[in-house]
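Okay, so here's the structure we're looking at.
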Amino acid sequence: MPDTHESGYFTEDTSAEVVIARNAKAPDARLAEVMAVITRHLHAAVKEIEPTQEEWFNAIMFLTKTGQMCNDWRQEFILLSDVTGVSMLVDAINNRKPSGASESTVLGPFHVADAPELPLGSDICLDQKGEPMLVKGRILSTDGTPIANAKIDVWQANDEGFYDVQQKGIQPDFNLRGVFRTNERGEYWFKGVKPKFYPIPDDGTVGNLLKGLGRHPFRPAHLHYIISADGFETLTTHIFDPDDPYIHSDAVFGVKQSLMAKFEPINSGKDIAAEGMSGPFFRVEHDFVLAPAR
Ligand code: BEZ
Ligand code: FE
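FYI, the numbering for the sequence shown is 48 to 341, going by the working numbering.
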C-alpha cells in the first residue's frame, strides 16, 4: 500500500515537524508562524522535561485553575506572565527607546482609565493616611525642550500597600490616583504619600507557584505613570524607591536602574515652608524624557 500519510507519522523524533506541517494551510500566516515557533519550543521543552503523566496532568490543572481565578477584576494569567518575566520582555521588545528617552516598565493591573484630572499641586491622597510626599519634575523631549500640556496619569498604593480598587469601601474611590497636565515650562507637581512595598495578589495559582519556587511575591515601593503628549510616544513607567528592601528582587522584574528616584526626607521648617507643605514630608524629584512619535 502506498504511504499517503500527509507528512509522515507522529513519533517522538518527528513530533514538532508533523504538527507544524498540519498547520501549513492556515489562512492567517502570522498565526501559522506563531504556532510553529510555539510548537517547536513546547515539544523541545516536553522532550527535555520528560514529564510523567501525573506531572502533565498537574500542569493542565494549574492552567485550568489559573483560568478559573480570572474575573473582571482578577487576571491570574497576567500575573503568570508577570512572574515569568514575559510581561517585561514583551514591554522591552515593544518599547525600544532612542538614547536619552526614559525607560518603560510594566503597566500592572491596577490602572483605572477614568481617574480625575486635577490642578497641579493637588493631593491625590484622599484619606490623609501615610507619610506626606511631594513629587515634582519636568517632562522633556530628547533634545531637552520642556513639553507643555503633557498628560501625566499617576497612581500608587497606599502606605499599607493596597490600591483603592483592592479596598473598595475602605479607601475612597480614586484614592491615590490623578491626571495632571504640565505647565508651559513642562513642570508637574502633586502630593501623595510615601509608597510601600506590597505583594502582588498571591492567594491563587501564581502565589502557589512562587511559594513552590521559594520566591516572595513583593514589588518594591513605586509610583506608576502614563505620560502622553502630542507628537511623542506614550510612556508607561514607574519610579522606584532605591532604599526599598525588595528593590533587587521585584516579583515581576519591573525595576530598571534609570527608574530609581530619590525619596528625600524634608524636616527643616524653612524647607517645609519653601515647598508650601504643612509638616515633614518626602520630596521626590524626577524628570521624564519622551521619545518622538514614530
Ligand atoms: C503593579 O505594580 O501594580 C503590579 C504589576 C504587576 C503585577 C501586579 C501589580
Ligand atoms: Fe504597582
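All C-beta atoms in this analysis are idealised placements derived from N, C-alpha and C, irrespective of residue type, glycine included.
Throw me the rounded Cβ distance for the residue i and residue j pair, which I believe falls under 8 Å.
i: GLU150; j: SER305; result: 5 Å
i: PHE109; j: PRO163; result: With 8 Å as the limit, PHE109 and PRO163 do not qualify as a contact, their Cβ atoms being about 40 Å apart.
i: PHE227; j: PHE237; result: 6 Å
i: ARG266; j: TYR293; result: 7 Å
i: VAL212; j: TRP120; result: 7 Å
i: ALA79; j: ASN70; result: 5 Å
i: THR283; j: LEU154; result: 5 Å
i: PRO219; j: ASP174; result: 6 Å
i: PRO264; j: ALA298; result: 5 Å
For residue i, which option in the options has the closest C-alpha, if you only look at C-alpha atoms?
i: LYS198; options: GLY191, ASP174 and PRO166; result: PRO166
i: GLY233; options: ASP138, GLY316, SER275 and ILE286; result: SER275
i: ASP129; options: MET324, ARG224, GLU332 and PRO156; result: PRO156
i: ASP290; options: ASP277, GLY301, VAL240 and ALA308; result: ALA308
i: GLU59; options: LEU260, PHE310 and ALA92; result: ALA92
i: SER146; options: THR284, THR189 and ASP206; result: THR189
i: ASP249; options: THR113, PHE328, LYS72 and PRO193; result: THR113
i: GLU207; options: PRO246, PRO312 and ALA321; result: PRO246
i: SER169; options: PRO193, GLN218 and TYR235; result: TYR235
i: GLU332; options: ALA204, ALA340 and GLU322; result: GLU322
i: GLU311; options: LYS317, CYS117, ALA298 and PRO327; result: PRO327
i: PRO193; options: GLN203, GLU123, ALA83 and GLU231; result: GLU231
i: HIS285; options: PRO242, GLU178, LEU136 and ASP277; result: PRO242
i: VAL336; options: ALA148, LEU154, THR283 and GLY216; result: ALA148
i: ILE85; options: GLN100, ALA73, ILE67 and LYS72; result: ILE67
i: VAL159; options: ASN105, GLY177, ASP200 and LYS144; result: ASP200
i: ARG87; options: GLU64, ALA73 and LYS72; result: GLU64
i: ASP277; options: HIS90, TYR210, SER315 and THR229; result: THR229
i: ASP334; options: HIS90, GLY191 and ASP318; result: GLY191
i: PHE57; options: HIS90, ALA73 and LYS144; result: HIS90
Give a yes or no on whether the C-beta atoms belonging to residue i and residue j are separated by under 9 Å.
i: ALA195; j: PHE279; result: no
i: SER62; j: LYS94; result: yes
i: LYS258; j: THR152; result: no
i: ARG224; j: ILE171; result: yes
i: PHE287; j: GLY132; result: no
i: SER134; j: ILE140; result: no
i: ARG330; j: ILE313; result: yes
i: GLY177; j: VAL240; result: yes
i: VAL253; j: GLU101; result: no
i: LEU127; j: LEU260; result: no
i: GLY216; j: MET116; result: no
Does residue i have its Cβ less than 9 Å from a Cβ in chain B?
i: ALA79; result: Reference to chain B is not applicable here, since this structure consists of a single protein chain.
Sorry if obvious, but does the Cβ on residue i come closer than 8 Å to a heavy atom of the ligand MN?
i: ALA204; result: Absence of the ligand MN from the depicted structure is noted, with the ligand BEZ and the ligand FE being the only ligands included.
Beta carbon shell of the ligand BEZ at less than 5 Å from a heavy atom: ASP129, GLY155, PHE157, ILE247 and VAL299
Report yes or no: do three or more beta-carbon pairs, one from the stretch 180–194 and one from the stretch 263–280, lie closer than 8 Å? yes
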